[in-house]
Amino acid sequence: MTGSVGTDRRRTPRVLIDATAVPADRGGLGRYVEGLLGALHALGADLAVACQRADEQHFARLAPDARVVPGPAALAHRASRLAWEQTGLPQVAERVAADVIHLPTYTIPTRPGRPTVVTIHDVTLFTEPERHDPLRTTYVKSATRTAARRATRLVAPSRATRDELVRVLGADPSHIDVAYHGVDHQVFHRPSEDEVKSVSDRLGLHGYPYVAYLGALEPRKNVPNLIRGWARACEHLPEPPALVLAGGGGWDDEVDAALATVPLGLRVVRPGYLPWAALPGFFGGALVVALPSRCEGFGLPVLEAMACGAPVLTTRRGPLPEVGGDAVAYTEPDPAGIAAALESLVVDPDRRRELAAAAVARSREFSWEESARAHLRSYERAVSQYAASR
(Lines of atoms letter the chains of each structure in order from A and count residues from 1; the text may use other names and numbers.)
(Lines give C-alpha, C1' and ligand atoms only; values in the text may rest on other atoms or scores of the structure.)
Protein backbone atom coordinates (compact mmCIF):
# COMPACT_ATOMS: atom_id res chain seq x y z
CA MET A 1 0.00 0.00 0.00
CA THR A 2 2.72 2.45 0.97
CA GLY A 3 4.49 2.07 -2.34
CA SER A 4 1.42 3.09 -4.33
CA VAL A 5 0.71 6.23 -2.33
CA GLY A 6 1.72 9.36 -4.18
CA THR A 7 2.63 7.47 -7.37
CA ASP A 8 -0.66 6.13 -8.76
CA ARG A 9 -3.91 7.43 -7.31
CA ARG A 10 -5.91 4.86 -9.29
CA ARG A 11 -4.45 2.10 -7.12
CA THR A 12 -5.56 3.71 -3.83
CA PRO A 13 -9.14 3.91 -2.58
CA ARG A 14 -10.93 7.23 -2.65
CA VAL A 15 -11.67 8.00 1.00
CA LEU A 16 -14.49 10.21 2.26
CA ILE A 17 -13.63 11.48 5.74
CA ASP A 18 -16.60 12.65 7.80
CA ALA A 19 -15.29 15.71 9.66
CA THR A 20 -18.73 17.06 10.56
CA ALA A 21 -18.34 16.10 14.23
CA VAL A 22 -15.21 18.21 14.78
CA PRO A 23 -16.15 20.73 17.50
CA ALA A 24 -15.52 24.45 17.27
CA ASP A 25 -12.85 24.27 19.99
CA ARG A 26 -11.07 21.50 18.02
CA GLY A 27 -10.07 19.49 21.12
CA GLY A 28 -8.76 15.94 20.86
CA LEU A 29 -11.07 14.92 18.02
CA GLY A 30 -10.14 18.01 16.04
CA ARG A 31 -6.42 17.39 16.48
CA TYR A 32 -6.90 13.79 15.36
CA VAL A 33 -8.86 14.66 12.22
CA GLU A 34 -6.63 17.58 11.27
CA GLY A 35 -3.35 15.74 11.91
CA LEU A 36 -4.54 12.68 10.02
CA LEU A 37 -6.03 14.63 7.10
CA GLY A 38 -2.89 16.71 6.59
CA ALA A 39 -0.67 13.61 6.65
CA LEU A 40 -2.94 11.67 4.30
CA HIS A 41 -2.83 14.57 1.85
CA ALA A 42 0.96 14.74 2.08
CA LEU A 43 1.11 11.03 1.22
CA GLY A 44 -0.98 11.64 -1.90
CA ALA A 45 -4.13 9.90 -0.70
CA ASP A 46 -7.29 10.35 -2.78
CA LEU A 47 -9.50 12.28 -0.39
CA ALA A 48 -12.90 13.88 0.00
CA VAL A 49 -14.01 15.61 3.21
CA ALA A 50 -17.52 16.24 4.51
CA CYS A 51 -17.55 19.09 7.02
CA GLN A 52 -19.57 21.87 8.58
CA ARG A 53 -19.91 25.03 6.50
CA ALA A 54 -17.79 27.09 8.85
CA ASP A 55 -14.89 24.64 8.37
CA GLU A 56 -14.89 24.48 4.56
CA GLN A 57 -11.94 26.81 4.01
CA HIS A 58 -10.03 25.37 6.94
CA PHE A 59 -10.09 21.83 5.55
CA ALA A 60 -9.43 23.10 2.03
CA ARG A 61 -6.19 24.64 3.32
CA LEU A 62 -5.24 21.46 5.16
CA ALA A 63 -5.76 19.27 2.09
CA PRO A 64 -5.76 21.43 -1.07
CA ASP A 65 -6.16 18.45 -3.39
CA ALA A 66 -9.14 17.02 -1.50
CA ARG A 67 -12.72 17.59 -2.54
CA VAL A 68 -14.29 19.40 0.41
CA VAL A 69 -18.09 19.13 0.66
CA PRO A 70 -19.78 21.39 3.24
CA GLY A 71 -23.02 20.12 4.69
CA PRO A 72 -26.16 22.10 5.55
CA ALA A 73 -26.05 24.83 8.18
CA ALA A 74 -28.05 22.63 10.57
CA LEU A 75 -24.98 20.43 11.12
CA ALA A 76 -23.85 22.87 13.79
CA HIS A 77 -26.52 21.24 16.00
CA ARG A 78 -25.64 17.76 17.21
CA ALA A 79 -29.08 16.20 16.76
CA SER A 80 -29.32 17.48 13.20
CA ARG A 81 -25.82 16.28 12.42
CA LEU A 82 -26.56 12.77 13.64
CA ALA A 83 -29.74 12.66 11.57
CA TRP A 84 -27.95 13.98 8.46
CA GLU A 85 -25.23 11.38 8.85
CA GLN A 86 -27.76 8.62 8.23
CA THR A 87 -28.93 9.91 4.83
CA GLY A 88 -26.88 12.92 3.79
CA LEU A 89 -23.44 11.38 4.28
CA PRO A 90 -24.16 8.33 2.05
CA GLN A 91 -25.40 10.77 -0.60
CA VAL A 92 -22.13 12.71 -0.39
CA ALA A 93 -20.23 9.43 -0.67
CA GLU A 94 -22.17 8.63 -3.84
CA ARG A 95 -21.58 12.10 -5.27
CA VAL A 96 -17.80 11.98 -4.78
CA ALA A 97 -17.57 8.29 -5.81
CA ALA A 98 -15.95 7.31 -2.54
CA ASP A 99 -14.63 3.76 -2.24
CA VAL A 100 -14.72 3.87 1.56
CA ILE A 101 -16.08 6.17 4.27
CA HIS A 102 -13.99 6.94 7.35
CA LEU A 103 -16.02 8.00 10.37
CA PRO A 104 -13.52 9.31 12.96
CA THR A 105 -15.90 8.96 15.86
CA TYR A 106 -18.33 6.32 17.11
CA THR A 107 -21.33 6.77 14.79
CA ILE A 108 -22.07 5.09 11.45
CA PRO A 109 -24.84 5.30 8.82
CA THR A 110 -27.23 2.35 8.85
CA ARG A 111 -26.98 2.01 5.06
CA PRO A 112 -23.68 3.52 3.93
CA GLY A 113 -23.71 1.69 0.58
CA ARG A 114 -19.95 1.04 0.69
CA PRO A 115 -17.24 -0.10 3.13
CA THR A 116 -16.80 1.86 6.33
CA VAL A 117 -13.93 2.41 8.73
CA VAL A 118 -14.88 3.72 12.18
CA THR A 119 -12.45 4.99 14.78
CA ILE A 120 -13.45 4.04 18.31
CA HIS A 121 -11.27 6.08 20.62
CA ASP A 122 -12.08 4.27 23.86
CA VAL A 123 -14.66 2.08 25.57
CA THR A 124 -14.45 3.72 28.98
CA LEU A 125 -18.19 4.47 28.83
CA PHE A 126 -18.66 0.72 29.26
CA THR A 127 -15.92 0.06 31.79
CA GLU A 128 -16.34 3.19 33.95
CA PRO A 129 -19.73 4.74 33.06
CA GLU A 130 -19.89 6.68 36.32
CA ARG A 131 -17.00 8.84 35.12
CA HIS A 132 -18.89 10.15 32.09
CA ASP A 133 -21.72 12.60 31.47
CA PRO A 134 -24.89 10.54 32.13
CA LEU A 135 -26.85 12.57 29.55
CA ARG A 136 -24.72 11.15 26.73
CA THR A 137 -23.89 7.71 28.05
CA THR A 138 -26.91 5.75 26.82
CA TYR A 139 -26.81 7.04 23.25
CA VAL A 140 -23.04 6.82 22.85
CA LYS A 141 -22.94 3.26 24.18
CA SER A 142 -25.66 2.21 21.75
CA ALA A 143 -23.94 3.93 18.81
CA THR A 144 -20.58 2.39 19.73
CA ARG A 145 -22.06 -1.10 19.88
CA THR A 146 -23.64 -0.55 16.45
CA ALA A 147 -20.37 0.69 14.96
CA ALA A 148 -18.42 -2.22 16.43
CA ARG A 149 -20.91 -4.64 14.91
CA ARG A 150 -21.56 -3.03 11.51
CA ALA A 151 -18.38 -1.25 10.43
CA THR A 152 -16.26 -3.04 7.86
CA ARG A 153 -13.20 -2.28 9.96
CA LEU A 154 -12.45 -0.51 13.20
CA VAL A 155 -9.48 1.70 14.02
CA ALA A 156 -8.26 1.82 17.63
CA PRO A 157 -5.65 4.37 18.73
CA SER A 158 -3.81 1.90 20.98
CA ARG A 159 -3.37 -1.80 21.66
CA ALA A 160 -5.08 -1.34 25.03
CA THR A 161 -8.18 0.07 23.35
CA ARG A 162 -8.16 -2.73 20.77
CA ASP A 163 -8.03 -5.31 23.53
CA GLU A 164 -10.91 -3.62 25.37
CA LEU A 165 -12.99 -3.58 22.19
CA VAL A 166 -12.56 -7.33 21.98
CA ARG A 167 -13.13 -7.97 25.68
CA VAL A 168 -16.01 -5.60 26.33
CA LEU A 169 -17.87 -5.48 23.01
CA GLY A 170 -16.90 -8.81 21.52
CA ALA A 171 -15.40 -7.14 18.43
CA ASP A 172 -13.60 -9.39 15.96
CA PRO A 173 -9.87 -8.73 16.50
CA SER A 174 -9.12 -9.54 12.86
CA HIS A 175 -11.29 -6.54 11.88
CA ILE A 176 -9.46 -4.03 14.12
CA ASP A 177 -6.44 -1.98 13.09
CA VAL A 178 -4.27 -0.13 15.61
CA ALA A 179 -3.17 3.31 14.44
CA TYR A 180 -1.43 5.43 17.07
CA HIS A 181 -2.07 9.15 17.05
CA GLY A 182 0.76 11.42 16.02
CA VAL A 183 2.00 14.78 17.20
CA ASP A 184 2.72 17.88 15.14
CA HIS A 185 6.34 18.60 16.04
CA GLN A 186 6.14 22.06 14.50
CA VAL A 187 3.32 23.03 16.82
CA PHE A 188 4.50 21.06 19.87
CA HIS A 189 8.20 21.74 20.42
CA ARG A 190 10.65 22.76 23.10
CA PRO A 191 9.69 26.38 23.76
CA SER A 192 11.97 29.40 23.64
CA GLU A 193 12.49 31.55 26.72
CA ASP A 194 10.20 34.15 25.17
CA GLU A 195 7.43 31.58 24.67
CA VAL A 196 7.72 30.48 28.30
CA LYS A 197 7.71 34.06 29.56
CA SER A 198 4.72 35.00 27.41
CA VAL A 199 2.59 32.17 28.84
CA SER A 200 3.75 32.79 32.39
CA ASP A 201 2.81 36.45 32.11
CA ARG A 202 -0.52 35.52 30.49
CA LEU A 203 -1.27 33.30 33.50
CA GLY A 204 -0.34 36.11 35.90
CA LEU A 205 2.55 34.04 37.30
CA HIS A 206 5.43 36.17 35.97
CA GLY A 207 8.06 33.49 36.35
CA TYR A 208 6.58 31.78 39.41
CA PRO A 209 6.84 27.95 39.19
CA TYR A 210 3.75 25.90 38.42
CA VAL A 211 2.38 22.40 37.88
CA ALA A 212 0.37 22.19 34.66
CA TYR A 213 -2.81 20.33 33.76
CA LEU A 214 -4.59 20.57 30.40
CA GLY A 215 -7.89 18.88 29.66
CA ALA A 216 -11.60 18.74 30.29
CA LEU A 217 -13.00 18.68 33.80
CA GLU A 218 -14.37 15.16 33.55
CA PRO A 219 -14.33 12.53 36.31
CA ARG A 220 -12.13 10.20 34.24
CA LYS A 221 -9.45 12.92 34.10
CA ASN A 222 -9.12 12.68 37.90
CA VAL A 223 -8.76 16.43 38.49
CA PRO A 224 -10.11 16.41 42.10
CA ASN A 225 -7.44 13.91 43.17
CA LEU A 226 -4.81 15.94 41.33
CA ILE A 227 -5.85 19.01 43.32
CA ARG A 228 -5.73 17.08 46.60
CA GLY A 229 -2.42 15.42 45.76
CA TRP A 230 -0.81 18.69 44.66
CA ALA A 231 -1.95 20.43 47.86
CA ARG A 232 -0.60 17.61 50.01
CA ALA A 233 2.73 17.58 48.14
CA CYS A 234 3.29 21.32 48.14
CA GLU A 235 1.77 22.85 51.26
CA HIS A 236 4.99 22.41 53.28
CA LEU A 237 7.44 23.47 50.56
CA PRO A 238 9.19 26.83 51.01
CA GLU A 239 8.22 27.93 47.47
CA PRO A 240 5.16 25.83 46.57
CA PRO A 241 4.39 25.81 42.85
CA ALA A 242 1.00 26.99 41.68
CA LEU A 243 -1.42 24.57 40.06
CA VAL A 244 -2.70 25.66 36.65
CA LEU A 245 -5.86 23.90 35.46
CA ALA A 246 -6.15 24.83 31.78
CA GLY A 247 -8.87 23.74 29.37
CA GLY A 248 -12.60 23.71 29.72
CA GLY A 249 -15.78 21.82 29.14
CA GLY A 250 -16.75 18.57 30.75
CA TRP A 251 -18.25 18.22 34.17
CA ASP A 252 -17.05 17.05 37.57
CA ASP A 253 -19.01 17.93 40.68
CA GLU A 254 -15.99 17.18 42.89
CA VAL A 255 -13.67 19.80 41.42
CA ASP A 256 -15.12 22.72 43.38
CA ALA A 257 -15.23 20.64 46.55
CA ALA A 258 -11.55 19.75 46.13
CA LEU A 259 -10.64 23.39 45.47
CA ALA A 260 -12.41 24.39 48.67
CA THR A 261 -9.93 22.31 50.68
CA VAL A 262 -6.81 23.94 49.22
CA PRO A 263 -4.81 25.49 52.10
CA LEU A 264 -4.19 29.22 52.28
CA GLY A 265 -0.90 30.11 50.68
CA LEU A 266 -1.34 27.76 47.73
CA ARG A 267 -2.40 29.19 44.40
CA VAL A 268 -4.68 27.69 41.75
CA VAL A 269 -4.99 29.34 38.34
CA ARG A 270 -7.87 28.47 35.97
CA PRO A 271 -7.24 30.25 32.65
CA GLY A 272 -9.78 28.32 30.58
CA TYR A 273 -8.80 27.47 27.01
CA LEU A 274 -5.30 28.34 25.89
CA PRO A 275 -4.55 28.99 22.20
CA TRP A 276 -2.46 26.40 20.40
CA ALA A 277 0.41 28.83 20.05
CA ALA A 278 0.64 29.05 23.85
CA LEU A 279 0.81 25.31 24.50
CA PRO A 280 4.58 24.78 24.00
CA GLY A 281 5.31 27.54 26.49
CA PHE A 282 2.64 26.23 28.86
CA PHE A 283 3.86 22.63 28.79
CA GLY A 284 7.57 23.33 28.45
CA GLY A 285 7.55 26.04 31.10
CA ALA A 286 5.96 23.86 33.79
CA LEU A 287 7.90 22.18 36.59
CA VAL A 288 5.74 19.12 35.91
CA VAL A 289 2.82 18.42 33.61
CA ALA A 290 0.46 16.28 35.70
CA LEU A 291 -2.12 14.22 33.79
CA PRO A 292 -3.15 11.46 36.24
CA SER A 293 -6.10 10.18 34.21
CA ARG A 294 -8.06 7.12 35.31
CA CYS A 295 -8.88 6.02 31.77
CA GLU A 296 -7.96 7.05 28.23
CA GLY A 297 -8.17 5.78 24.69
CA PHE A 298 -4.73 7.13 23.83
CA GLY A 299 -3.57 10.11 25.89
CA LEU A 300 -2.81 12.81 23.32
CA PRO A 301 -2.02 15.57 25.88
CA VAL A 302 0.65 13.29 27.39
CA LEU A 303 2.34 12.95 24.00
CA GLU A 304 2.03 16.66 23.22
CA ALA A 305 3.54 17.62 26.58
CA MET A 306 6.39 15.18 25.99
CA ALA A 307 7.11 16.78 22.60
CA CYS A 308 7.42 20.14 24.38
CA GLY A 309 10.15 18.80 26.66
CA ALA A 310 7.99 18.63 29.79
CA PRO A 311 8.54 16.23 32.68
CA VAL A 312 5.21 14.37 32.66
CA LEU A 313 3.45 12.57 35.50
CA THR A 314 0.67 10.21 34.49
CA THR A 315 -0.80 6.83 35.45
CA ARG A 316 -0.33 3.30 34.16
CA ARG A 317 -4.01 3.07 33.23
CA GLY A 318 -5.00 1.84 29.78
CA PRO A 319 -2.74 2.90 26.91
CA LEU A 320 -0.76 5.58 28.77
CA PRO A 321 2.34 3.36 29.18
CA GLU A 322 2.20 2.71 25.41
CA VAL A 323 2.59 6.45 24.93
CA GLY A 324 4.94 7.37 27.76
CA GLY A 325 7.13 4.28 27.96
CA ASP A 326 10.10 4.97 30.24
CA ALA A 327 10.10 8.68 29.39
CA VAL A 328 7.45 9.74 31.93
CA ALA A 329 6.89 9.29 35.65
CA TYR A 330 3.94 7.25 36.89
CA THR A 331 1.62 7.41 39.86
CA GLU A 332 -1.42 5.68 41.22
CA PRO A 333 -4.53 7.84 40.72
CA ASP A 334 -5.28 8.37 44.43
CA PRO A 335 -4.31 11.62 46.24
CA ALA A 336 -1.58 9.99 48.35
CA GLY A 337 0.09 8.43 45.32
CA ILE A 338 -0.09 11.69 43.35
CA ALA A 339 1.30 13.64 46.29
CA ALA A 340 4.30 11.33 46.71
CA ALA A 341 5.12 11.18 43.00
CA LEU A 342 4.62 14.90 42.47
CA GLU A 343 6.72 15.95 45.44
CA SER A 344 9.57 13.69 44.34
CA LEU A 345 9.65 15.47 40.98
CA VAL A 346 9.18 19.01 42.27
CA VAL A 347 12.21 18.74 44.58
CA ASP A 348 14.46 16.91 42.10
CA PRO A 349 15.56 19.12 39.16
CA ASP A 350 17.97 16.46 37.87
CA ARG A 351 15.15 13.93 37.52
CA ARG A 352 13.00 16.51 35.76
CA ARG A 353 15.77 17.27 33.27
CA GLU A 354 16.29 13.56 32.66
CA LEU A 355 12.59 13.01 31.99
CA ALA A 356 12.36 16.08 29.75
CA ALA A 357 15.16 14.84 27.48
CA ALA A 358 13.73 11.32 27.35
CA ALA A 359 10.24 12.66 26.62
CA VAL A 360 11.35 14.64 23.58
CA ALA A 361 13.24 11.64 22.20
CA ARG A 362 10.29 9.29 22.66
CA SER A 363 7.78 11.75 21.20
CA ARG A 364 9.68 11.57 17.91
CA GLU A 365 8.57 7.94 17.58
CA PHE A 366 5.00 9.19 17.00
CA SER A 367 4.06 11.04 13.83
CA TRP A 368 0.90 11.74 11.87
CA GLU A 369 2.64 10.34 8.81
CA GLU A 370 2.95 6.91 10.42
CA SER A 371 -0.62 7.18 11.67
CA ALA A 372 -1.77 8.03 8.13
CA ARG A 373 0.04 5.01 6.69
CA ALA A 374 -1.71 2.76 9.21
CA HIS A 375 -5.06 4.29 8.27
CA LEU A 376 -4.37 3.81 4.57
CA ARG A 377 -3.76 0.13 5.19
CA SER A 378 -7.07 -0.05 7.06
CA TYR A 379 -8.91 1.64 4.18
CA GLU A 380 -7.44 -0.80 1.69
CA ARG A 381 -8.35 -3.78 3.87
CA ALA A 382 -11.90 -2.48 4.22
CA VAL A 383 -12.32 -2.21 0.44
CA SER A 384 -10.96 -5.74 -0.10
CA GLN A 385 -12.99 -7.19 2.76
CA TYR A 386 -16.20 -5.55 1.55
CA ALA A 387 -15.65 -6.80 -2.01
CA ALA A 388 -15.02 -10.33 -0.77
CA SER A 389 -18.31 -10.30 1.19
CA ARG A 390 -20.46 -9.30 -1.80
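First residue of the sequence shown? That's 1 in UniProt numbering, and the numbers climb one at a time after it.
Ideal Cβ positions, reconstructed from N, Cα and C, are used throughout, including at glycine.
#1: Does the distance from the C-beta atom of R81 to that of T20 stay below 7 Å?
#2: State yes or no: is the C-beta of G71 within less than 7 Å of the C-beta of P90?
#3: Counting only runs of 4+ residues fully inside the region 49–119, write out the alpha helix (DSSP H) ranges in chain order.
#4: From R84 to L75, what distance separates their C-alpha atoms?
#5: Are the CB atoms of L243 and V211 nearer to each other than 7 Å?
#6: Counting along the chain, where does the alpha helix (DSSP H) carrying A286 start and finish?
#7: Can you tell me the Cα-Cα spacing of V155 and G170, whole angstroms?
#8: Between which residues of its own chain and E128 is the CB-CB distance below 6 Å, once the five residues before and five after are set aside?
#9: Is it the case that the Cβ atoms of R228 and P335 are separated by a distance below 7 Å?
#10: Rounded to the nearest angstrom, what separates residue 403 and A45 at their Cα positions?
#11: Among all the DSSP beta bridges, which residues are the ones paired with L313?
#12: Specify the secondary structure class of R9 as computed by DSSP and reduced to three states.
#13: Measuring CA to CA, which of A148, S363, D122 is closest to S158?
#14: Taking C-beta to C-beta, are V255 and L313 nearer than 7 Å?
#15: Three or more C-beta pairs closer than 8 Å, one from the region 359–376 and one from the region 251–271: is that the case here?
#16: Straight-line CA distance for P209 to G309?
#17: Note the first and the last residue of the continuous beta strand (DSSP E) segment covering G272.
#18: Quick one: grab the DSSP three-state call for D201.
#19: Whole alpha helix (DSSP H) runs in the region 216–256 with 4 or more residues, listed along the chain?
#20: In whole angstroms, what separates the C-alpha of R353 from that of V328?
#21: Tell me the residue span of the alpha helix (DSSP H) that contains L376.
#22: Pull the bridge partners of R153 from the DSSP assignment, please.
#23: Between the C-alpha atoms of A97 and L16, what's the straight-line distance to the nearest angstrom?
#24: By the three-class DSSP mapping on this structure, what secondary structure does L264 have?
#25: Taking Y213 as part of the beta strand (DSSP E), name the residues at either end of that continuous run.
#26: With DSSP as the reference, please indicate the residues paired to I17 in a beta bridge.
In this structure, then:
#1: For the purposes of this step, residue 81 is identified with residue 81 of the sequence shown, where counting begins at 1. For the purposes of this step, residue 20 is identified with residue 20 of the sequence shown, where counting begins at 1. Yes. Within cutoff.
#2: Counting from one through the sequence shown, the residue named residue 71 turns up at place 71. Counting from one through the sequence shown, the residue named residue 90 turns up at place 90. Going by C-beta atoms, G71 is not nearer than 7 Å to P90.
#3: 56–62, 78–95
#4: In the sequence shown, the residue the question calls residue 84 occupies position 84. In the sequence shown, the residue the question calls residue 75 occupies position 75. The sequence as given places Trp at residue 84; Arg does not occur at that position. Cα-Cα distance, rounded: 8 Å.
#5: Along the sequence shown, read from residue 1 onward, the residue named residue 243 stands at position 243. Along the sequence shown, read from residue 1 onward, the residue named residue 211 stands at position 211. Yes, Cβ-Cβ distance for L243 and V211 is below 7 Å.
#6: Start at 1 with the first residue of the sequence shown, and residue 286 comes out as number 286. Run containing A286: none; DSSP gives neither H nor E here.
#7: Within the sequence shown, residue 155 is the residue found at index 155, counting from 1. Within the sequence shown, residue 170 is the residue found at index 170, counting from 1. For V155 and G170, the distance between alpha carbons rounds to 15 Å.
#8: The sequence position of residue 128 within the sequence shown is 128, counting from 1. Excluding residues within five positions, the ones whose Cβ falls inside 6 Å are C295.
#9: Taking the sequence shown and counting its residues from 1, one reaches residue 228 at position 228. Taking the sequence shown and counting its residues from 1, one reaches residue 335 at position 335. The answer is yes: Cβ separation under 7 Å.
#10: It is not possible to answer for residue 403, since the shown part of the chain is limited to 1 through 390.
#11: To locate residue 313, count along the sequence shown from 1; it is residue 313. L313 pairs with A290, A329.
#12: Taking the sequence shown and counting its residues from 1, one reaches residue 9 at position 9. Here R9 scores only 41 on pLDDT, less than 50, and its place in the model should not be relied on; the value that follows carries that caveat. It is helical.
#13: Taking the sequence shown and counting its residues from 1, one reaches residue 158 at position 158. Among A148, S363, D122, the Cα nearest to that of S158 belongs to D122.
#14: Translated into the one-based positions of the sequence shown, residue 255 becomes position 255. Translated into the one-based positions of the sequence shown, residue 313 becomes position 313. Their beta carbons are not under 7 Å apart, which means V255 does not touch L313 by this criterion.
#15: no
#16: Position 209 of the sequence shown, counting from 1, holds the residue named residue 209. Position 309 of the sequence shown, counting from 1, holds the residue named residue 309. Straight-line Cα distance between these residues: approximately 16 Å.
#17: Indexing the sequence shown from 1 puts residue 272 at position 272. Unbroken beta strand (DSSP E) run through G272: 268–272.
#18: For this step, residue 201 is matched to residue 201 along the sequence shown. Note: D201 maps to helix in three-state DSSP.
#19: 223–234
#20: By one-based count along the sequence shown, residue 353 stands at place 353. By one-based count along the sequence shown, residue 328 stands at place 328. Computed Cα separation, rounded: 11 Å.
#21: The sequence position of residue 376 within the sequence shown is 376, counting from 1. Its alpha helix (DSSP H) spans residues 368–389.
#22: In the sequence shown, counting from the first residue as 1, residue 153 sits at position 153. R153 pairs with V117.
#23: Here residue 97 refers to the residue found at position 97 of the sequence shown. Here residue 16 refers to the residue found at position 16 of the sequence shown. Approximately 9 Å between the Cα atoms of the pair.
#24: Position 264 of the sequence shown holds residue 264. Note: L264 maps to coil in three-state DSSP.
#25: Position 213 of the sequence shown, counted from the start, is the residue given in the question as residue 213. Taken as a continuous stretch (DSSP letters only), the beta strand (DSSP E) holding Y213 covers 210–214.
#26: As a first step, residue 17 is located in the sequence shown; it is residue number 17 there, counting from the start. Note: I17 sits in a beta bridge opposite V49, H102.
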